[in-house]
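Residue numbers (UniProt numbering): 1 to 192. Note that CB positions come from ideal geometry on N, CA and C, so glycine has one too. These figures come from a predicted structure and were not determined experimentally. Just below is one structure, and these are the notes that go with it.
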(Lines of atoms letter the chains of each structure in order from A; the text may use other names.)
(Lines give C-alpha, C1' and ligand atoms only; values in the text may rest on other atoms or scores of the structure.)
Protein backbone atom coordinates (compact mmCIF):
# COMPACT_ATOMS: atom_id res chain seq x y z
CA UNK A 1 0.00 0.00 0.00
CA UNK A 2 2.79 2.44 0.91
CA UNK A 3 4.50 1.69 -2.41
CA UNK A 4 1.33 2.71 -4.27
CA UNK A 5 1.25 6.09 -2.55
CA UNK A 6 4.93 6.56 -3.35
CA UNK A 7 4.25 5.75 -7.02
CA UNK A 8 1.30 8.15 -7.13
CA UNK A 9 3.46 10.87 -5.57
CA UNK A 10 6.12 10.26 -8.21
CA UNK A 11 3.55 10.49 -11.02
CA UNK A 12 2.14 13.72 -9.57
CA UNK A 13 5.69 15.08 -9.51
CA UNK A 14 6.06 14.15 -13.20
CA UNK A 15 2.85 16.02 -14.02
CA UNK A 16 4.04 19.00 -12.01
CA UNK A 17 7.37 19.06 -13.84
CA UNK A 18 5.53 19.17 -17.18
CA UNK A 19 3.31 22.10 -16.07
CA UNK A 20 5.81 24.81 -16.91
CA UNK A 21 2.96 27.14 -17.86
CA UNK A 22 0.42 25.92 -15.29
CA UNK A 23 -1.64 28.40 -13.36
CA UNK A 24 -1.05 28.90 -9.63
CA UNK A 25 -4.18 26.99 -8.55
CA UNK A 26 -3.28 23.92 -10.61
CA UNK A 27 0.28 23.89 -9.30
CA UNK A 28 -0.98 24.27 -5.73
CA UNK A 29 -3.41 21.36 -6.14
CA UNK A 30 -0.68 19.13 -7.51
CA UNK A 31 1.65 20.10 -4.66
CA UNK A 32 -1.05 19.42 -2.07
CA UNK A 33 -1.99 16.05 -3.56
CA UNK A 34 1.67 15.06 -3.63
CA UNK A 35 1.98 16.15 0.02
CA UNK A 36 -0.99 13.92 0.94
CA UNK A 37 0.54 10.90 -0.81
CA UNK A 38 3.92 11.50 0.81
CA UNK A 39 2.33 11.93 4.25
CA UNK A 40 0.25 8.75 3.99
CA UNK A 41 3.33 6.89 2.73
CA UNK A 42 5.35 8.15 5.73
CA UNK A 43 2.61 7.17 8.21
CA UNK A 44 2.38 3.65 6.77
CA UNK A 45 6.18 3.34 6.82
CA UNK A 46 6.16 4.45 10.47
CA UNK A 47 3.60 1.81 11.38
CA UNK A 48 5.14 -1.05 9.37
CA UNK A 49 8.88 -0.35 9.51
CA UNK A 50 9.08 1.96 12.55
CA UNK A 51 10.69 4.72 10.47
CA UNK A 52 10.89 8.10 12.21
CA UNK A 53 8.03 10.51 11.54
CA UNK A 54 9.20 14.06 12.29
CA UNK A 55 6.25 16.37 13.00
CA UNK A 56 8.27 19.54 12.31
CA UNK A 57 9.23 18.38 8.82
CA UNK A 58 5.61 17.73 7.85
CA UNK A 59 4.31 20.95 9.39
CA UNK A 60 7.01 22.92 7.55
CA UNK A 61 6.04 21.30 4.24
CA UNK A 62 2.41 22.16 4.92
CA UNK A 63 3.30 25.77 5.79
CA UNK A 64 5.27 26.13 2.53
CA UNK A 65 2.07 25.58 0.57
CA UNK A 66 0.43 28.62 2.17
CA UNK A 67 -3.26 28.17 2.91
CA UNK A 68 -4.11 31.30 0.93
CA UNK A 69 -3.25 29.57 -2.34
CA UNK A 70 -5.78 26.77 -2.11
CA UNK A 71 -7.09 26.08 1.37
CA UNK A 72 -9.69 28.00 3.19
CA UNK A 73 -8.23 29.03 6.54
CA UNK A 74 -10.53 26.61 8.35
CA UNK A 75 -9.38 23.68 6.18
CA UNK A 76 -5.75 24.61 6.73
CA UNK A 77 -6.15 24.71 10.52
CA UNK A 78 -8.00 21.39 10.48
CA UNK A 79 -5.41 19.69 8.31
CA UNK A 80 -2.58 21.09 10.41
CA UNK A 81 -4.31 19.59 13.47
CA UNK A 82 -4.54 16.20 11.70
CA UNK A 83 -0.80 16.26 10.88
CA UNK A 84 0.04 17.31 14.43
CA UNK A 85 -2.17 14.65 16.03
CA UNK A 86 -0.99 11.76 13.82
CA UNK A 87 2.71 12.61 14.13
CA UNK A 88 2.54 13.18 17.89
CA UNK A 89 0.63 9.96 18.57
CA UNK A 90 2.86 7.80 16.36
CA UNK A 91 6.11 9.27 17.69
CA UNK A 92 5.06 8.76 21.30
CA UNK A 93 4.37 5.05 20.80
CA UNK A 94 6.60 2.76 22.80
CA UNK A 95 7.27 -0.80 21.77
CA UNK A 96 5.42 -2.48 24.62
CA UNK A 97 2.63 -4.97 24.01
CA UNK A 98 2.60 -5.65 20.30
CA UNK A 99 -1.17 -6.18 19.94
CA UNK A 100 -2.00 -2.95 21.77
CA UNK A 101 0.43 -1.01 19.56
CA UNK A 102 -0.96 -2.47 16.34
CA UNK A 103 -4.54 -1.71 17.34
CA UNK A 104 -3.67 1.83 18.33
CA UNK A 105 -1.58 2.42 15.19
CA UNK A 106 -4.41 1.14 13.00
CA UNK A 107 -6.81 3.45 14.86
CA UNK A 108 -4.48 6.37 14.09
CA UNK A 109 -4.32 5.32 10.41
CA UNK A 110 -8.11 5.05 10.37
CA UNK A 111 -8.36 8.55 11.91
CA UNK A 112 -6.05 9.88 9.19
CA UNK A 113 -8.09 8.24 6.43
CA UNK A 114 -11.42 9.48 7.81
CA UNK A 115 -10.00 13.00 8.24
CA UNK A 116 -8.82 13.08 4.63
CA UNK A 117 -12.21 11.92 3.39
CA UNK A 118 -13.91 14.89 5.08
CA UNK A 119 -11.56 17.41 3.44
CA UNK A 120 -12.78 18.15 -0.10
CA UNK A 121 -10.08 17.11 -2.55
CA UNK A 122 -8.57 19.95 -4.55
CA UNK A 123 -8.93 19.36 -8.27
CA UNK A 124 -6.49 21.14 -10.57
CA UNK A 125 -8.09 23.64 -12.90
CA UNK A 126 -6.10 22.23 -15.83
CA UNK A 127 -8.39 19.18 -15.96
CA UNK A 128 -11.31 21.40 -16.95
CA UNK A 129 -9.63 23.74 -19.39
CA UNK A 130 -8.33 23.25 -22.87
CA UNK A 131 -5.63 25.46 -24.28
CA UNK A 132 -6.85 27.69 -27.08
CA UNK A 133 -4.61 29.89 -29.11
CA UNK A 134 -5.81 33.39 -29.88
CA UNK A 135 -4.36 35.28 -32.79
CA UNK A 136 -4.82 39.04 -32.51
CA UNK A 137 -4.09 41.39 -35.39
CA UNK A 138 -3.72 45.07 -34.61
CA UNK A 139 -4.26 47.84 -37.10
CA UNK A 140 -3.33 51.31 -35.87
CA UNK A 141 -4.23 54.26 -38.02
CA UNK A 142 -3.76 57.98 -37.26
CA UNK A 143 -6.77 60.18 -36.72
CA UNK A 144 -7.06 62.10 -39.99
CA UNK A 145 -8.90 65.06 -38.42
CA UNK A 146 -5.95 65.99 -36.19
CA UNK A 147 -3.12 68.31 -37.25
CA UNK A 148 -0.58 67.22 -34.61
CA UNK A 149 2.01 64.58 -35.36
CA UNK A 150 1.08 60.97 -34.74
CA UNK A 151 4.12 60.26 -32.58
CA UNK A 152 3.21 62.65 -29.77
CA UNK A 153 2.77 60.88 -26.47
CA UNK A 154 -0.70 62.34 -25.90
CA UNK A 155 -1.95 61.72 -29.45
CA UNK A 156 -5.26 59.88 -29.66
CA UNK A 157 -5.26 57.08 -32.16
CA UNK A 158 -8.22 54.96 -33.14
CA UNK A 159 -7.33 51.31 -32.78
CA UNK A 160 -9.14 48.60 -34.64
CA UNK A 161 -8.65 45.06 -33.38
CA UNK A 162 -9.44 41.93 -35.31
CA UNK A 163 -9.28 38.76 -33.22
CA UNK A 164 -9.75 35.20 -34.26
CA UNK A 165 -9.56 32.02 -32.26
CA UNK A 166 -7.58 29.21 -33.79
CA UNK A 167 -10.08 26.40 -34.29
CA UNK A 168 -7.79 23.50 -33.36
CA UNK A 169 -10.22 22.26 -30.70
CA UNK A 170 -13.32 20.20 -31.45
CA UNK A 171 -15.38 21.06 -28.37
CA UNK A 172 -17.41 24.10 -27.52
CA UNK A 173 -15.36 26.57 -25.50
CA UNK A 174 -16.22 26.80 -21.80
CA UNK A 175 -16.36 30.56 -21.96
CA UNK A 176 -16.67 33.35 -24.48
CA UNK A 177 -14.82 36.65 -24.66
CA UNK A 178 -17.16 39.57 -24.05
CA UNK A 179 -14.63 42.37 -23.61
CA UNK A 180 -11.03 43.03 -24.52
CA UNK A 181 -8.94 45.73 -22.89
CA UNK A 182 -5.95 46.98 -24.85
CA UNK A 183 -3.19 49.18 -23.52
CA UNK A 184 -0.96 50.67 -26.19
CA UNK A 185 2.43 51.99 -25.25
CA UNK A 186 4.41 53.93 -27.80
CA UNK A 187 8.00 54.99 -27.84
CA UNK A 188 9.50 57.67 -29.99
CA UNK A 189 12.89 57.12 -31.57
CA UNK A 190 15.09 60.04 -32.52
CA UNK A 191 16.70 59.88 -35.95
CA UNK A 192 20.33 60.98 -35.88
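| Query | Result |
| --- | --- |
| When the distance is taken between beta carbons, is residue 122 closer than 9 Å to residue 37? | no |
| Buried or exposed: where does residue 132 fall if 16 or more other Cβ atoms within 10 Å of its Cβ makes it buried? | Confidence at residue 132 is low in this model, with a pLDDT of 49, below 50, so its placement is unreliable and the value that follows should be read with caution. Result: exposed. |
| In this structure, does DSSP put residue 119 in helix, strand or coil? | coil |
| Within its chain, find whatever has a CB closer than 7 Å to the CB of residue 13; leave out the 5 residues flanking it on each side and keep chain order. | 34 |
| Cα-Cα, which of 102, 45, 105, 114 is closest to residue 1? | 45 |
| Measure the beta-carbon distance from residue 39 to residue 83 and round it to whole angstroms, keeping in mind my assumption that it falls under 8 Å. | 7 Å |
| Tell me where the alpha helix (DSSP H) around residue 62 begins and ends. | 55-64 |
| Jot down the residue ranges of each uninterrupted alpha helix (DSSP H) in the stretch 4-50, minimum 4 residues, whole runs only, in chain order. | 24-49 |
| I'd like the list of long-range same chain contacts for residue 89, defined as Cβ closer than 6 Å, with 5 residues on each side in sequence excluded. | 108 |
| Might you give, ordered along the chain, the residues of its own chain that have their beta carbon closer than 7 Å to the beta carbon of residue 8, omitting 5 neighbours on each side? | 37 |
| Go ahead and pull the three-state DSSP assignment for residue 114. | helix |
| Where does residue 87 sit, in a helix, a strand or coil, going by DSSP? | helix |
| Would you tell me roughly how many angstroms separate the C-alpha atoms of residue 23 and residue 103, rounded to the nearest one? | 43 Å |
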